[in-house]
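Numbering (our numbering), first residue to last: 17 to 424. Glycine included, C-beta positions come from ideal geometry on N, C-alpha and C. Working notes for the structure below.
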Ligand SMILES: Cc1ncc(COP(=O)(O)O)c(C=O)c1O
């Protein structure tokens with residue numbers, strides 16, 4: 017590995033990403049198989065926001081995944097990457113009248129999140145009285161009672177319609193002859209356990225029954241799964257793709273209406289299919305001991321590894337030609353000018369000379385999209401082919417790229 021790292025460093029410098037598109041395909045295929053082994057009507061929709069790397073979007077399309085998008089920018093990205101528009105799911109809290117109109121004309125699955133979107137759809141229906149309009153609704157899980165531990169310790173999710181909101185809007189939709197074809201229940205939890213999905217599935221089926229929604233073709237439980245863990249993360253007690261599939265299918269198939277009508281089960285995985293698809297290589301430039309505290313300076317930034325500065329360090333490996341040094345317990349700090357730029361905190365290092373490398377795993381989900389253009393540019397993305405060749409998929413940006421984005 018060290019030789020390979022040095023080779024890429026020679027070609028495009030550090031920091032850089034290794035990408036493994038085949039791992040992404042394997043993750044998606046395994047997730048799909050886990051469901052279709054139990055229930056055939058299944059749609060796998062890749063959550064675009066997790067990582068926009070072009071080759072991943074291409075691969076997802078090639079293996080007939082749907083695109084899960086949450087803004088008009090993402091929607092247009094899916095269109096431009098060649099996803100058939102009836103294979104695009106349009107979620108997200110903010111959509112304009114024009115966004116909704118375009119997506120509905122294109123026969124995409126549009127999941128409405130708030131009442132103002134109902135107003136948009138009713139207006140669209142008035143303008144096109146002969147047209148059949150079909151929409152989806154995101155359902156709020158009303159987790160206040162403690163049924164699902166929300167991400168970040170939050171007490172309430174802000175997304176989707178509560179039961180009392182549905183009591184108001186569903187009659188309006190029915191009266192206007194707008195068909196409700198999808199119920200969506202994505203809820204990001206902190207523990208990602210299978211029981212959360214049983215809860216989501218049950219709630220969606222309760223809503224279906226309560227409002228007598230007989231046009232439903234899609235039961236969408238969203239993303240938020242565990243999976244794609246790289247080596248160095250203990251997964252022995254974590255659910256597997258097959259555990260989620262069993263829990264969700266069992267719960268839904270226990271519902272009489274579901275087992276008779278056989279709608280599609282839809283999932284929208286992001287992190288659980290992309291975490292292990294990228295590794296980040298960063299180079300050490302300096303070790304300092306300041307009043308007893310060690311700092312090892314590397315050329316990446318915390319945005320690329322720990323954007324939310326959570327306690328957990330990502331697994332990493334040291335690569336070096338140099339002999340081992342005395343072990344230090346140190347912070348690895350990044351290339352920005354911020355004191356909080358800590359790529360890792362309190363980790364043990366035995367190689368921290370100028371030119372040594374650290375390779376961080378599990379950096380595939382969110383971190384690239386969340387890395388701002390701040391002091392250092394976006395890093396190159398490099399694929400290593402099965403024959404060991406280096407294929408640079410994305411170059412490091414330079415000042416001209418930056419100016420192109422900053423000027424009209
Ligand atoms: C609507 C929706 N679907 C899918 C996802 C993907 O979640 P994850 O990356 O945790 O699988 C998200 C993430 O926030 C989301 O908001």
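Taking 7 Å as the cut-off, decide whether the C-beta atoms of residue 400 and residue 43 are in contact.
Not closer than 7 Å, so no.
With distances taken Cα to Cα, identify the nearest neighbour of residue 261 among 200, 241 and 176.
Of the candidates 200, 241 and 176, the one whose C-alpha sits nearest the C-alpha of residue 261 is 241.
Just to confirm the assignment, what range does the beta strand (DSSP E) spanning residue 309 have?
Looking at the DSSP string, the run of the beta strand (DSSP E) that includes residue 309 is 309-314.
In whole angstroms, what separates the C-alpha of residue 115 from that of residue 392?
Approximately 34 Å, taken between the alpha carbons.
Check each candidate in 97, 257, 220 and 18 and name the one with the smallest Cα separation from residue 279.
Ranking 97, 257, 220 and 18 by Cα distance to residue 279 puts 220 first.
With DSSP as the reference, identify every bridge partner of residue 346, one or two as the case may be.
BP columns for residue 346 point to 363.
Considering only heavy atoms of ligand 1, does any lie closer than 6 Å to the CB of residue 287?
Under cutoff, so the answer is yes.
What span of residues does the beta strand (DSSP E) with residue 153 cover, start to end?
Looking at the DSSP string, the run of the beta strand (DSSP E) that includes residue 153 is 150-154.
Just to check, is the beta-carbon of residue 107 closer than 6 Å to a non-hydrogen atom of ligand 1?
Yes, since a heavy atom of ligand 1 falls inside the 6 Å radius drawn around the Cβ of residue 107.
Looking only at DSSP bridge pairs, what is residue 305 linked to?
Beta-bridge pairing links residue 305 to 310.
With a threshold of 6 Å, establish whether the CB of residue 239 neighbours any heavy atom of ligand 1.
Indeed, a heavy atom of ligand 1 lies less than 6 Å from the Cβ.
Taking residue 240 as part of the alpha helix (DSSP H), name the residues at either end of that continuous run.
Looking at the DSSP string, residue 240 is not in any alpha helix (DSSP H), and its letter there is neither H nor E.
Does the Cβ of residue 427 have 16 or more other Cβ atoms within 10 Å, making it buried, or fewer, making it exposed?
Residue 427 falls outside the range modelled here, since the chain spans only 17 to 424, and no answer is possible.
Which residue marks the beginning of the alpha helix (DSSP H) containing residue 185, and which one marks its end?
Where residue 185 is concerned, the enclosing alpha helix (DSSP H) stretches over 179-191.
Any idea if residue 384 is buried or exposed, counting beta-carbon neighbours within 10 angstroms, 16 or more meaning buried?
Result: buried.
Does the Cβ-Cβ distance between residue 31 and residue 259 come in under 7 Å?
No, these two residues do not count as a Cβ contact at 7 Å.
If we count Cβ pairs, one from each stretch, closer than 8 Å, do we get three or more for the stretch 394-410 versus the stretch 332-352?
Result no; under three Cβ-Cβ pairs closer than 8 Å.
Please determine if the stretch 368-387 and the stretch 283-299 are in contact, where contact requires at least 3 C-beta pairs separated by less than 8 Å.
Yes: at least three Cβ pairs fall under 8 Å.
Beta carbon of residue 61: closer than 6 Å to some heavy atom of ligand 1?
Every heavy atom of ligand 1 is 6 Å or more from the Cβ of residue 61, so no.
Do the CB positions of residue 198 and residue 169 come within less than 7 Å of each other?
No, the Cβ-Cβ distance between residue 198 and residue 169 is not below 7 Å.
How about the stretch 321-337 and the stretch 359-378: do they share at least three Cβ pairs that are nearer than 8 Å?
Counting Cβ pairs under 8 Å, three or more are found: they touch.
Are the CB atoms of residue 372 and residue 300 within a distance shorter than 7 Å?
Yes. Within cutoff.
Which residues in the same chain have their Cβ closer than 6 Å to the Cβ of residue 76, if we skip the five residues on either side of it in sequence?
Cβ within range, chain order: 62.
Taking 6 Å as the cut-off, does the CB of residue 202 come closer than this to any heavy atom belonging to ligand 1?
Answer for residue 202: yes, Cβ within range of ligand 1.
Sorry if obvious, but does the Cβ on residue 326 come closer than 6 Å to a heavy atom of ligand 1?
Every heavy atom of ligand 1 is 6 Å or more from the Cβ of residue 326, so no.
Looking at the strands, I want to know which residues DSSP matches up with residue 407.
The partner list for residue 407 (beta bridge, DSSP) reads 399.
Give me the residue from 356, 273, 338 and 325 with the minimum Cα distance to residue 313.
Closest by alpha carbon: 356.
Give the C-beta separation of residue 282 and residue 236 to the nearest angstrom, bearing in mind that I take them to be a contact with Cβ-Cβ under 8 Å.
The pair is a contact, with the Cβ atoms about 4 Å apart (cut-off 8 Å).
If we require 3 or more residues per run, which beta strand (DSSP E) segments fall completely within the stretch 92-132?
Runs found: 104-106 and 125-128.
On the DSSP bridge list, what partners appear for residue 390?
Residue 390 is bridged to 392.
Name the DSSP bridge partner or partners of residue 84?
DSSP lists 63 and 105 as partners of residue 84.
Where do the ends of the alpha helix (DSSP H) carrying residue 288 lie?
Taken as a continuous stretch (DSSP letters only), the alpha helix (DSSP H) holding residue 288 covers 287-290.
What beta strand (DSSP E) runs, 3 residues minimum, are completely inside the stretch 312-342?
The stretch 312-342 contains these whole beta strand (DSSP E) runs: 332-335.
Quick one: is the Cβ of residue 284 within less than 6 Å of any heavy atom of ligand 1?
Yes, since a heavy atom of ligand 1 falls inside the 6 Å radius drawn around the Cβ of residue 284.
Just the C-alpha distance for residue 317 and residue 325, rounded to the nearest angstrom, thanks.
If I take the Cα positions, the gap works out to 11 Å.
Measure the beta-carbon distance from residue 100 to residue 64 and round it to whole angstroms, keeping in mind my assumption that it falls under 8 Å.
15 Å between Cβ atoms; not a contact.
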